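Engineer: For the sequence shown, our numbering begins at 66 and goes up steadily by one.
I have a structure I would like to understand better, so I am pasting it below and will then ask my questions one at a time.
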Amino acid sequence: MRLIEAQQAYRAQRQELIDQRKELLNRQKALERKMNVTVNGKELFAEEAATLELSINANKEKFEENLEVLDKLAEQECAVWNAEVCRQQTDAMSDYANDMAKIMEVARRISNGGKVPATDEQKLMDYSMELYMSAKNAAMLAEMRKKSEKYDSLWEDEDEEQTEYDPQGKAENSEVDIALPEGIDPVAAEVPEAEI
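Laid out in structure tokens, this is it:
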């Protein structure tokens, strides 16, 4: 079962428990009024009052269990969300590190007097004009000493598809190992977004 489906089912059950508690409390108030206006009302309605009190306590226990499950589901959603954001940041840092390595390699190649594609040279200039100028100055000295090499672009693989990130979708669609609340139909448990 997907996490979002479990959350919707338990939210639906929570709303049922809230409605049930309101009804039980209203019945309890009505019974108290009835007991106060009736002669020997406390003795006459004692059994009904005790039954009503037990029902209210059972409802409260179910509500607390429901909240515990919802809290655990929220923690799991947060953990999945954070893991996805961490993966996204890791990928971004990895891409940055790869670009830095390429920039430094272009600077090294230029410094050794090699010929690099204009796009690689432009990326080095965009990154740091000082580093570019240092590489060009070193290239002039290297040209005096040896024949220059010609290199292929280091950014040829840039056309690869970028990874899409969706922490909310990842968290909502993660699988949970939890049963639906008693009496809840999985299809009926789906709650529209506006009610959540």
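Yeah, the Cβ is synthetic: ideal placement off N, Cα and C, and Gly gets one too.
All of these numbers come straight from a predicted model, not from anything done at the bench.
Excluding five sequence neighbours on each side, which residues of the same chain lie with their C-beta closer than 6 Å to the C-beta of residue 182?
Structural biologist: Mapped onto the sequence shown, residue 182 falls at position 117. So the list reads 218, once near-sequence residues are dropped.
Engineer: Count the other CB atoms within 10 Å of the CB of residue 161; is the residue buried (16 or more) or exposed (fewer)?
Structural biologist: As a first step, residue 161 is located in the sequence shown; it is residue number 96 there, counting from the start. It is exposed - the Cβ of residue 161 has fewer than 16 other Cβ atoms within 10 Å.
Engineer: One question on the structure: do residue 123 and residue 249 come within less than 8 Å of each other, judged by their Cβ atoms?
Structural biologist: For the purposes of this step, residue 123 is identified with residue 58 of the sequence shown, where counting begins at 1. For the purposes of this step, residue 249 is identified with residue 184 of the sequence shown, where counting begins at 1. No, they are not a contact pair.
Engineer: Is residue 112 near the ligand NAD, judged by its Cβ being under 7 Å from some heavy atom?
Structural biologist: Among the components modelled here there is no ligand, and therefore nothing to report on the ligand NAD.
Engineer: Could you tell me if residue 188 is buried or exposed, where buried requires 16 or more neighbouring beta carbons within 10 angstroms of its beta carbon?
Structural biologist: As a first step, residue 188 must be located in the sequence shown, where it is residue number 123. Residue 188 should be labelled buried.
Engineer: Quick check on DSSP: helix, strand or coil for residue 229?
Structural biologist: Working through the sequence shown from its first residue, we reach residue 229 at position 164. Secondary structure of residue 229 (DSSP, three-state): coil.
Engineer: Is it a yes or a no for the stretch 106-117 touching the stretch 81-98, going by three-plus beta-carbon pairs under 8 Å?
Structural biologist: yes
Engineer: List, from N- to C-terminal side, the alpha helix (DSSP H) runs of 4 residues or more that fit wholly inside the stretch 79-121.
Structural biologist: 106-109
Engineer: Under 8 Å between the Cβ atoms of residue 245 and residue 142?
Structural biologist: Working through the sequence shown from its first residue, we reach residue 245 at position 180. Working through the sequence shown from its first residue, we reach residue 142 at position 77. No, these two residues do not count as a Cβ contact at 8 Å.
Engineer: Where residue 261 and residue 80 are concerned, what is the direct C-alpha to C-alpha distance, given to the nearest angstrom?
Structural biologist: Within the sequence shown, the letter at position 196 stands for residue 261. Within the sequence shown, the letter at position 15 stands for residue 80. Confidence at residue 261 is low in this model, with a pLDDT of 47, below 50, so its placement is unreliable and no value can be given for it.
Engineer: Terminal residues of the continuous alpha helix (DSSP H) containing residue 183?
Structural biologist: Residue numbering aside, residue 183 sits at position 118 when the sequence shown is read from its first letter. Per DSSP, residue 183 belongs to the alpha helix (DSSP H) from 183-192.
Engineer: Let me know if residue 185 comes out buried or exposed under the rule of 16 or more other beta-carbons within 10 Å of its beta-carbon.
Structural biologist: Taking the sequence shown and counting its residues from 1, one reaches residue 185 at position 120. Residue 185 is buried by the Cβ-count criterion.
Engineer: How long is the line joining the alpha carbons of residue 259 and residue 72, rounded to whole angstroms?
Structural biologist: Sequence index remark: in the sequence shown, residue 259 carries index 194 (1-based). Sequence index remark: in the sequence shown, residue 72 carries index 7 (1-based). Note that residue 259 has pLDDT 48, beneath the 50 cutoff, so the model's placement of it is unreliable and no number is given.
Engineer: DSSP beta-bridge partners for residue 180?
Structural biologist: Counting from one through the sequence shown, the residue named residue 180 turns up at place 115. Answer is 215.
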